[in-house]
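J.: Numbering (the numbering used here), first residue to last: 1369 to 1812. To start, I am sharing the structure in question, which I have written as structure tokens.
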């Protein structure tokens, strides 16, 4: 099945093209070129005009916890551990299977409306075993978003029971889930030992070994808060990345989440071992974590991608927002206006994320998956725009509002049309969220 899309402008690595067309064959971009020539070349293929829209690659949210969208606005303005105990640990053990589904549906819907085409859900709420994971996979299918499920491996007995599994259980459940969905083009499963404080050394090594066996990356929270660094130093006389390296897990399969409290030697080690970073600037600010040294990470050739983190530790879940926050926070921290430039931030939210998740997306080019976003040039946030298009990418990174996002394609399917979700009734999502919140109030 083929179709031709005709936006006003099209973003490629070479910049913005005016009046270019995209040929989609099934779920893949198979040709690009000037509209007149493409319409002549593929005269029998149906075409669709997107007047006053610019098409850019879909954004990739490399770190989120979908169930946390149900906890947005709860236990705010508190230190990290108090926030954790009064929001996550208080409510997540009480979530029913339908609440887990409702939370994921809500999170993915909002992300989709904000231009996210792929999300990595770092998911540890296993109140119902793999049925919990299946609930969020179903939610992703119902919205139409591409899902990378970072199935969390968690064995610290200070956490709620629903988070915990033995090493044997965590490995078996993750493998079973990955095997079941291995032929699904929209679902990938990979291991995610939670953190140095949430997973034992043996669990972390098991996650790394499983990633090697499955041919995937593995994700882990590292050095988000000073307490983890202090505890690792006291117990092992090593900093966090140094200790992970001693465990034998620092290599090209390692994807750190946060990496706020790392020193120069740790950053250099990560670069030498070709590890990658999930950077969540808004969450780091919201939770008063600190500021990750992004210029040093970039200088050491570490692949940096952007995540929103959970909506109760950020409140917004837009990767376009994270592009802006990345650039602004780093400029403020370094007092260097050049430390993170506009295109660098954009790449972090698109092709860097796709590369990190081993997905052939994040760019509009032949052979890539047909995942992209159509932005309305007549939205206030996209003005002004001169004929030389100098402001176009800066407007996308620094001023774009969600009202500008009018169409979203995932896997060749239009999942947002005229600013509304295409695959599911938005009002039904709101009703489900309200039902879950009524349940929370009844048990509080």
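Built from N, CA and C at the ideal position, the CB exists for glycine as well. Computed from a prediction, not measured in an experiment: that's the story for all the values here.
Between residue 1523 and residue 1444, what straight-line distance do the alpha-carbon atoms span, to the nearest angstrom?
T.: Residue 1523 and residue 1444: Cα-Cα distance of roughly 27 Å.
J.: Alpha carbon to alpha carbon, how far is residue 1548 from residue 1501?
T.: Answer to the nearest angstrom: the Cα atoms are 12 Å apart.
J.: Measuring only the C-alpha atoms, how far is residue 1599 from residue 1564?
T.: Taking the straight line joining both Cα atoms gives about 9 Å.
J.: What's the gap between the Cα of residue 1417 and the Cα of residue 1429?
T.: Approximately 28 Å, taken between the alpha carbons.
J.: Do you know how far the Cα of residue 1698 is from the Cα of residue 1705?
T.: The alpha-carbon atoms of residue 1705 and residue 1698 are separated by roughly 9 Å.
J.: Would you mind stating whether residue 1590 and residue 1724 have Cβ atoms separated by less than 8 Å?
T.: No, these two residues do not count as a Cβ contact at 8 Å.
J.: Between which two residues does the beta strand (DSSP E) containing residue 1536 stretch?
T.: Looking at the DSSP string, residue 1536 is not in any beta strand (DSSP E); the run it does join, the alpha helix (DSSP H), is 1535-1548.
J.: Can you look up residue 1629 in the DSSP assignment and give me helix, strand or coil?
T.: Residue state, collapsed to three classes: coil.
J.: Quick check: residue 1507 and residue 1558, are their CB atoms within less than 8 Å of each other?
T.: No.
J.: Which residue or residues does DSSP assign as beta-bridge partners of residue 1415?
T.: Looking at the DSSP assignment, residue 1415 forms a beta bridge with 1372.
J.: Along the beta strand (DSSP E) that carries residue 1814, what are the first and last residues, could you check?
T.: Because the chain spans 1369 through 1812 in this model, residue 1814 falls outside it and cannot be assessed.
J.: If we call anything under 8 Å between Cβ atoms a contact, is residue 1503 one with residue 1465?
T.: The answer is yes: Cβ separation under 8 Å.
J.: Could you check whether residue 1648 and residue 1677 sit closer than 8 Å to each other, using their CB atoms as the reference points?
T.: The answer is yes: Cβ separation under 8 Å.
J.: Along the chain, where does the alpha helix (DSSP H) containing residue 1722 start, and where does it finish?
T.: It spans 1719-1724 - the alpha helix (DSSP H) in which residue 1722 sits, taken as one unbroken run.
J.: Taking the alpha carbon of residue 1397 as the reference point, which residue from 1369, 1798, 1574 and 1537 has its own alpha carbon closest?
T.: Closest option to residue 1397, Cα to Cα, is 1369.
J.: From the DSSP output, which residues share a beta bridge with residue 1521?
T.: DSSP lists 1561 as partners of residue 1521.
J.: Is it right to say residue 1581 is buried, meaning 16 or more other beta carbons lie within 10 angstroms of its own, or is it exposed?
T.: When all chains shown are included, residue 1581 counts as exposed.
J.: By DSSP, does residue 1399 sit in helix, in strand, or in coil?
T.: DSSP places residue 1399 in strand when its eight states are reduced to three.
J.: Distance, Cα to Cα, residue 1737 vs residue 1401?
T.: Roughly 17 Å separates the two Cα atoms.
J.: Please report the distance separating the alpha-carbon of residue 1567 from that of residue 1763.
T.: Those two C-alpha atoms are separated by around 42 Å.
J.: Sort 1714, 1625 and 1467 by Cα distance to residue 1806 and report the nearest one.
T.: Nearest C-alpha to residue 1806: 1467.
J.: For the beta strand (DSSP E) that contains residue 1774, what are its first and last residues?
T.: Start and end: 1773-1778.
J.: Output the distance between the C-alpha atoms of residue 1587 and residue 1702, rounded to the nearest integer angstrom.
T.: Rounded to whole angstroms, residue 1587 to residue 1702 spans 28 Å at the Cα level.
J.: Relative to the C-alpha of residue 1516, which candidate in 1554, 1481 and 1529 has its C-alpha closest?
T.: When only C-alpha atoms are compared, the closest one is 1554.
J.: Identify whether residue 1384 lies in helix, strand or coil by the three-state DSSP scheme.
T.: Residue 1384 falls in the strand class under three-state DSSP.
J.: Which of the three DSSP states is assigned to residue 1392 in this structure?
T.: DSSP places residue 1392 in strand when its eight states are reduced to three.
J.: Is the CB-CB distance between residue 1663 and residue 1482 below 8 Å?
T.: For residue 1663 and residue 1482, no; Cβs fall outside 8 Å.
J.: What is the DSSP secondary structure of residue 1531, counted as helix, strand or coil?
T.: Here residue 1531 sits in helix by DSSP.
J.: How far does the beta strand (DSSP E) with residue 1706 in it reach, from first residue to last?
T.: No beta strand (DSSP E) contains residue 1706, which DSSP labels as neither H nor E.
J.: Starting from residue 1600, follow the alpha helix (DSSP H) in both directions and report where the run begins and ends.
T.: It spans 1594-1604 - the alpha helix (DSSP H) in which residue 1600 sits, taken as one unbroken run.
J.: Is the Cβ-Cβ distance between residue 1721 and residue 1674 less than 8 Å?
T.: Closer than 8 Å, so yes.
J.: Can you give the Cα-Cα distance for residue 1757 and residue 1373, rounded to whole angstroms?
T.: Answer to the nearest angstrom: the Cα atoms are 21 Å apart.
J.: Please report the distance separating the alpha-carbon of residue 1593 from that of residue 1606.
T.: So the alpha carbons of these two residues sit roughly 16 Å apart.
J.: Within this structure, are the beta carbons of residue 1791 and residue 1511 separated by less than 8 Å?
T.: Yes, the Cβ-Cβ distance between residue 1791 and residue 1511 is below 8 Å.
J.: Tell me residue 1425's beta-bridge partners as DSSP assigns them.
T.: Answer is 1740.
J.: Below 8 Å CB to CB, which residues in the same chain sit around residue 1782 once its five sequence neighbours on both sides are set aside?
T.: Correct list, in chain order: 1775, 1776 and 1790.
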